[in-house]
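Residue numbers (the working numbering), protein chains in the order written: chain A, 185 to 355; chain B, 185 to 355; chain C, 185 to 355; chain D, 185 to 355. C-beta: ideal position from N, C-alpha, C; glycine also. The structure appears right after this line, and notes come after that.
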DNA sequence: TTTT
DNA sequence: TTTT
């Protein structure tokens with residue numbers, strides 16, 4: 185369908201260390217559980233209440249999976265941009281079941297760490313695993329510096345996608 | 185959890201005329217099925233391929249439900265902004281089941297019609313039902329023009345939310 | 185125009201302690217400078233490069249301004265959801281000038297603190313100012329618990345916007 | 185800065201036929217003016233009011249520029265996803281000036297046509313210019329079907345980004 | 001002027 | 001079950 189958008193944006197915390205599996209032909213798949221929550225004040229009692237929502241996030245992409253594998257631990261706060269996908273499967277009794285997930289796969293998928301923490305407790309900021317910066321990864325895939333007249337200079341992403349940062353394009 | 189975001193943005197087409205039900209205490213609930221799809225070209229065959237994703241959208245809110253009831257028909261193209269929510273229920277055999285929906289309920293939920301069409305076939309643009317504009321509705325609720333020193337002038341939304349459009353605030 | 189969306193989403197750091205001023209009729213306005221940046225690797229030299237973008241954010245809304253006043257300090261990391269607005273003004277020589285800002289004003293505007301830090305240096309996480317959670321504020325305004333048959337229970341936002349959390353709506 | 189997001193989402197109408205220029209080394213740049221508007225009811229007079237916001241959109245990217253060149257005309261309704269960028273320039277008197285634009289350049293930038301219309305008046309839907317579908321273009325660049333063990337099958341995007349649609353990955 |  |  186022309187003119188279609190399917191986008192999910194989450195900021196939340198990872199509920200457990202991610203699992204990473206591989207397909208038969210070797211591609212990695214990472215599964216994350218991410219919690220978001222909202223708080224509000226009860227209209228009658230005035231009490232503070234909270235509701236947590238858990239999201240299943242599935243990462244298909246070598247680069248993104250590497251980031252997940254190396255840096256994402258239980259408790260990490262993430263920014264996620266992906267798409268909704270519902271897949272159908274059969275339970276043991278052969279009945280159709282459906283699971284909806286946030287998929288980070290194609291174009292526009294992003295995963296950014298919003299803190300340098302892992303494993304719930306300790307704050308790793310400073311004594312960092314990250315060697316100078318929380319990792320962020322956009323789903324570029326293996327986008328190479330192919331053609332399109334990009335003769336030199338910096339490229340954010342390679343190929344015709346990028347405009348050299350130091351170009352002084354007279355626009 | 186502080187610092188949490190749960191946001192879904194969809195642009196897609198409505199698969200069937202919406203159902204609107206009411207809770208026991210009279211509040212309306214609208215259910216929509218929205219299709220998004222993506223197209224791509226097969227790497228090997230070069231064929232054009234398409235994958236459609238169906239989304240369950242649930243609207244809690246009188247104002248939004250009215251818009252849905254009056255204007256949203258099978259085939260309509262909508263912009264939706266809501267939140268992901270998974271609810272648990274029991275099937276006939278007593279097993280736990282989960283359904284994930286895009287909920288338009290609280291703050292920040294939006295539904296906008298991107299065409300003036302309904303009912304699949306006819307293009308109503310021009311000979312419009314809409315009196316000069318496809319309807320759009322943000323989930324303001326019954327936000328009244330309460331207090332907060334807003335003495336006069338226009339208000340986008342009433343209350344302290346709004347800044348009068350014609351004010352010439354020297355910022 | 186029907187079917188219009190104007191949305192900006194930023195995650196970045198505040199460049200300086202916010203300024204808060206008041207209009208003549210007493211409404212607060214907060215101004216923030218927020219930095220976002222992207223990093224990439226130079227295609228030729230292989231060096232890591234970075235480009236920072238500075239955004240002017242203007243907050244109209246008493247509740248949001250209070251959060252800004254109390255919690256947002258230089259260095260804080262924020263999630264911002266607002267709208268683009270360009271205003272025209274005259275410089276000293278009487279020439280038209282334009283400034284584009286991210287406005288948090290009406291419906292859908294949000295500001296969430298992504299860390300509990302302020303004032304650049306110290307990490308306040310743990311010995312927190314926040315009493316157990318970084319503050320987040322949606323631009324609800326003075327949305328009261330008006331009408332719409334909401335007889336009791338919790339409300340996220342008051343009025344017809346909300347569905348009681350503990351309701352067991354059979355949808 | 186790690187953990188940074190700079191995202192603009194617009195749905196609006198194009199104010200004039202786009203201009204497309206080329207850099208000295210031949211790369212295309214398209215400039216669009218897009219209008220969004222919001223309507224509200226005046227709190228006092230009860231009149232319907234409307235405020236239109238104009239956005240400067242700049243497209244760097246061969247693929248996206250082609251779409252703009254071929255399909256985007258005055259009056260077209262677009263979905264745009266890009267980033268905010270402010271550039272500095274000097275006016276005739278040598279004073280610094282700043283212009284803020286929505287840039288469609290790198291990763292995550294999208295342009296989708298939400299109708300098949302061009303040139304304000306006529307509805308081209310049906311007797312379409314589009315040969316069977318309003319065009320949509322994500323900023324993939326020249327992402328080729330490079331390596332990463334993708335042996336065959338369909339790919340949404342080529343390279344390690346994609347998971348073959350017909351794979352039956354047991355996740 | 002932030003952050004890493 | 002939509003749309004192109």
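Neighbourhood of residue i by C-beta, 6 Å cutoff - its chain only, sequence neighbours within 5 removed
| i | result |
| --- | --- |
| residue 205/D | 213 |
| residue 289/C | 244 |
| residue 270/B | 282 and 284 |
| residue 240/C | 285 |
| residue 192/C | 266, 268 and 286 |
| residue 273/A | 281 |
Chain B contact for residue i (CB, 8 Å cutoff)
| i | result |
| --- | --- |
| residue 195/D | yes |
| residue 284/A | yes |
| residue 250/A | no |
C-beta neighbour in chain D for residue i, strict 8 Å
| i | result |
| --- | --- |
| residue 188/C | yes |
| residue 216/B | no |
| residue 220/A | no |
| residue 298/B | yes |
| residue 237/C | yes |
8 Å Cβ cutoff, residue i in contact with chain C
| i | result |
| --- | --- |
| residue 292/B | yes |
Any C-beta of chain A under 8 Å from that of residue i
| i | result |
| --- | --- |
| residue 317/B | In this prediction, residue 317/B has a pLDDT of 46, which is less than 50 and means its spatial position is unreliable; what the coordinates show is noted afterwards. False, the Cβ-Cβ gap to chain A never drops below 8 Å. |
| residue 272/B | no |
| residue 192/B | yes |
Own chain partners of residue i with C-beta closer than 8 Å, once the 5 adjacent residues on each side are dropped
| i | result |
| --- | --- |
| residue 233/A | 223, 224, 225 and 226 |
| residue 275/D | 281 |
Pairwise C-alpha distance: residue j and residue i
| i | j | result |
| --- | --- | --- |
| residue 284/C | residue 255/B | 35 Å |
| residue 196/B | residue 279/C | 44 Å |
| residue 292/B | residue 291/C | 7 Å |
| residue 242/D | residue 211/A | 36 Å |
| residue 257/B | residue 287/D | 35 Å |
| residue 198/C | residue 252/C | 11 Å |
| residue 188/B | residue 260/B | 32 Å |
| residue 237/A | residue 235/D | 37 Å |
| residue 201/C | residue 221/A | 28 Å |
| residue 231/D | residue 190/C | 23 Å |
| residue 203/B | residue 229/D | 36 Å |
| residue 217/B | residue 277/C | 57 Å |
| residue 186/A | residue 219/D | 21 Å |
| residue 250/A | residue 246/C | 44 Å |
Cut-off 7 Å between Cβ atoms - residues of its own chain near residue i, not counting five sequence neighbours on either side
| i | result |
| --- | --- |
| residue 208/A | none |
| residue 194/D | 218, 220, 239, 264 and 286 |
| residue 317/D | Here the model assigns residue 317/D a pLDDT of 45, short of 50, so the residue's position is not dependable and the matter cannot be decided. |
> Three or more C-beta pairs closer than 8 Å, one from the segment 287-299 of chain B and one from the segment 255-269 of chain B: is that the case here?
Replying inline: yes
>> Output needed in chain order: residues of the segment 255-269 of chain A with a Cβ under 8 Å from some Cβ in chain D.
In response: 263 and 265
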